[in-house]
Amino acid sequence: MVDGTFDHSGLTRATPYVRGKEREVTTSPSQDVSGRLFLAVGRLSRSLRQAGAPGPGHGAISALATLVNYGQLRLGDLAAKEGVAAATMSRIVAALVEAGYVRRESDPVDRRAWLATATEEGERMVSGVRSTRVQELNRRIDRLSPEQRRQLVDALPALEALISDDED
């Protein structure tokens with residue numbers, strides 16, 4: 001829990017309660033926005049995942065969607081695009097191979113490496129997950145007031161700019 005107050009310096013003074021103790025933390029308005037945005041995006045993503053049908057976790061779906069979007073990728077390239085360690089991606093891909101969503105093939109350029117490719121079943125999985133989650137998001141957006149929907153539309157270019165830096 002956080003109790004925040006704003007002072008004239010432009011800083012928000014937050015008093016978080018940690019294990020029965022209070023400690024004062026000073027944050028700038030941009031840090032406050034960043035923190036709120038981080039929590040909101042994470043919570044929205046998690047609640048949309050929970051609203052869908054059971055299946056592979058977020059990391060697996062994200063890796064699978066990346067394979068669908070980019071085609072064949074080496075494990076290291078996939079790990080880099082997903083921002084995880086190669087060992088983590090190796091476990092994710094192994095589970096996707098076992099489930100029939102990904103196929104592994106040896107790399108013709110480097111026989112020590114292998115390429116991961118989404119199968120047709122994997123492509124259907126990504127499409128179905130996206131469809132389910134987008135439908136749930138549509139239901140939630142429909143519950144917003146007209147003003148909130150307009151604000152959301154107005155914020156989209158800024159949100160898209162935040163992620164475009166990661167995709168360069």
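For the sequence shown, the numbering used here begins at 1 and goes up steadily by one. The beta carbon of each residue, even a glycine, is placed where N, CA and C say it ideally should be. Since we're looking at a predicted model, the values are computed, not measured.
What do you reckon, are the CB atoms on Ala116 and Leu75 nearer than 8 angstroms?
yes
C-beta contact flag for Ala94 and Ala60 at 8 angstroms:
no
For Ala65, does the count of other Cβ atoms within 10 angstroms reach 16, so buried, or fall short, so exposed?
buried
For the beta strand (DSSP E) that contains Ala104, what are its first and last residues?
The sequence given here places Arg at residue 104; Ala does not occur at that position. Run containing Arg104: 102 to 106, per the beta strand (DSSP E) assignment.
Note down the Cα distance separating Thr5 from Gln135, rounded to an integer number of angstroms.
With a pLDDT of 44 at Thr5, under the threshold of 50, the modelled position of that residue is not reliable, and the figure given next carries that caveat. Computed Cα separation, rounded: 38 angstroms.
Grab the span of the alpha helix (DSSP H) containing Leu162 for me, first residue to last.
Leu162: member of the alpha helix (DSSP H) spanning 146 to 164, first to last residue.
Option nearest Gly128 by Cα separation, candidates Ala86, Gly83, Thr88, Pro56
Pro56
Kindly identify the DSSP beta-bridge partner or partners of Arg74.
Leu115
Contact test: Thr88 Cβ vs the ligand SAM heavy atom, cutoff 7 angstroms:
The ligand SAM is absent from the structure shown, which contains no ligands of any kind.
CB contact flag (Glu82, Ala63, <8 angstroms)
yes
Put Ala60 into one of helix, strand or coil per three-state DSSP.
helix
Using only CA atoms, which one of Asp107, Val102, Ala113 lies nearest to Ala86?
Ala113
By the DSSP assignment, the alpha helix (DSSP H) with Val109 in it spans what residues?
From DSSP, Val109 is part of no alpha helix (DSSP H); its letter is neither H nor E.
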